[in-house]
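Student: With my numbering, the residue at position 64 of the sequence shown is 91, and numbering never jumps.
The beta carbon of each residue, even a glycine, is placed where N, CA and C say it ideally should be.
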Amino acid sequence: MLFTLPDPDTLYTALSNRDPTYEGRAFVGVRSTGIFCRLTCPARTPLRQNCTFYETVKECFEAGYRPCKRCHPLGPAAEHDPMVQRLIKALSEAPDKRWLESDIKALGFDPSTVRRSFKRNYGITFLEMSRQLRLRQGFSTLSSGKRVIDAQIDAGFESGSAFRKAFQKRFGISPTMPTKDALMWLDWIETPLGSLIVLADAERVHLLEFLDHRALPRELKKMFVQSNGCIGFGRTQVMDQLQRQLESYFNGTVQSFDIPLCYHGSHFTTSVWKELLNIPAGETRSYSEIAQKLGRATAVRAVARANGANQIAILIPCHRVIGADGSLTGYGGGLWRKQKLLEIERQYQGG
28 MLFTLPDPDT LYTALSNRDP TYEGRAFVGV RSTGIFCRLT CPARTPLRQN
78 CTFYETVKEC FEAGYRPCKR CHPLGPAAEH DPMVQRLIKA LSEAPDKRWL
128 ESDIKALGFD PSTVRRSFKR NYGITFLEMS RQLRLRQGFS TLSSGKRVID
178 AQIDAGFESG SAFRKAFQKR FGISPTMPTK DALMWLDWIE TPLGSLIVLA
228 DAERVHLLEF LDHRALPREL KKMFVQSNGC IGFGRTQVMD QLQRQLESYF
278 NGTVQSFDIP LCYHGSHFTT SVWKELLNIP AGETRSYSEI AQKLGRATAV
328 RAVARANGAN QIAILIPCHR VIGADGSLTG YGGGLWRKQK LLEIERQYQG
378 G
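1) Mind checking who A227 pairs with in its DSSP beta bridge?
2) Only counting the same chain, and skipping five residues up and downstream in sequence, which positions put a Cβ closer than 8 Å to that of L29?
3) In whole angstroms, what separates the C-alpha of D46 from that of L213?
4) Express the C-alpha separation of V348 and N278 in angstroms, rounding to a whole number.
5) Which residues mark the beginning and the end of the beta strand (DSSP E) in which G292 is found?
6) In the structure shown, what three-state DSSP assignment does Y92 receive?
7) Jot down the residue ranges of each uninterrupted beta strand (DSSP E) in the segment 165-219, minimum 3 residues, whole runs only, in chain order.
8) According to DSSP, is L29 part of a helix, a strand, or is it coil?
9) I258 lies in the beta strand (DSSP E); which residues open and close that run?
10) Considering only residues of the segment 52-138, which uninterrupted alpha helix (DSSP H) runs meet the minimum length of 4 residues and lie entirely inside it, listed in chain order?
11) Judging by CA-CA distance, which residue of Y92, P100, I343 and L162 is the nearest neighbour of R125?
12) From what residue to what residue does the alpha helix (DSSP H) around A333 run?
13) Got a sec, what are the start and stop residues for the alpha helix (DSSP H) Y358 sits in?
14) What span of residues does the alpha helix (DSSP H) with R265 cover, start to end?
15) Can you name the residues that DSSP bridges to I349?
16) How many Å lie between D36 and V55 at the Cα?
17) Could you spell out the range, first to last residue, of the alpha helix (DSSP H) harbouring F251?
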């Protein structure tokens, strides 16, 4: 069950002391290195502000982290299953390899058995685990200014067409976009809750979504069409500003943002998003309360749709909208992230 772990400070103390109490029940993602570990990892204890704690391996992968090679956080399941142990070892030795079911068969394992075992132990299949690691590496290579062929090689694809197809399926856009003619740029920002994909022009943010958000490919594809294909990989000044403010937000030193935003929605949808900006950190509103604020008391469902259509996470705080009964309802970034964002912001109540 989610959200049953102790508070982050208690978990950080356990990490600092290498306390085995939470072995197999808690993991730490380290933002500065991009890896996740057991709380008993023998490596040097990271700074508190670089740590985010997760309950499952799946959450760690979805947040964009890769497993530590020192403490082997995938190990507990592997220790009890020689098949899992061998596959995890193979993935660790060749993280850029393009794994297929035929490769699994070549090792003497049944693909369906492997699929069930990994899903049961980690909440994610072996092939999905491999694919996420590889495409993340490919995107990082592109955003650093290197060539598509370099990204293809780093992601472990022998075929350029296969890399383009997989990349487009995952991100909704082609990796071959002409950066020099771009009007908007795409890059990656690490946060304690996982990787964010940001799309911005020289002055404004157009999109900010968690990497594992299901709508991300569709949203990026739509932005690509609207911009007539003028999207490239790279960094702008507003992205640097955004990263600094996000770091301050997660550190608890600021509760609001002053990043210029560009809205891509109808008049009503945009009015909902702007109303979300009026919800103070540490507070929540229901869909009906927002509808009433807009003078559209009967438009609760329309408000809910507009809230769900928000493509600028955190900055436009759709996570502060809950059900009339106090339930979290949905969140494109995952309910566990919504819960954690609200926990971060509770410190501002009454401030």
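Tutor: Based on what the coordinates show:
1) W212 and V232
2) Because the pLDDT of L29 is 37, which lies under 50, any placement of that residue in the model is unreliable, and the number read from its coordinates should be weighed accordingly. The answer, listed in chain order, is E82, L362, W363 and Q366.
3) 40 Å
4) 22 Å
5) Looking at the DSSP string, G292 is not in any beta strand (DSSP E), and its letter there is neither H nor E.
6) coil
7) 211-218
8) With a pLDDT of 37 at L29, under the threshold of 50, the modelled position of that residue is not reliable, and no figure is offered here.
9) I258 to F260
10) 84-89, 102-106, 109-120 and 128-133
11) L162
12) V327 to G335
13) That residue, Y358, is in no alpha helix (DSSP H); it is neither H nor E in DSSP.
14) The residue you asked about is not Arg; residue 265 is Val in the sequence shown. Q264 to N278 is the extent of the alpha helix (DSSP H) around V265.
15) S313
16) 12 Å
17) L243 to Q253
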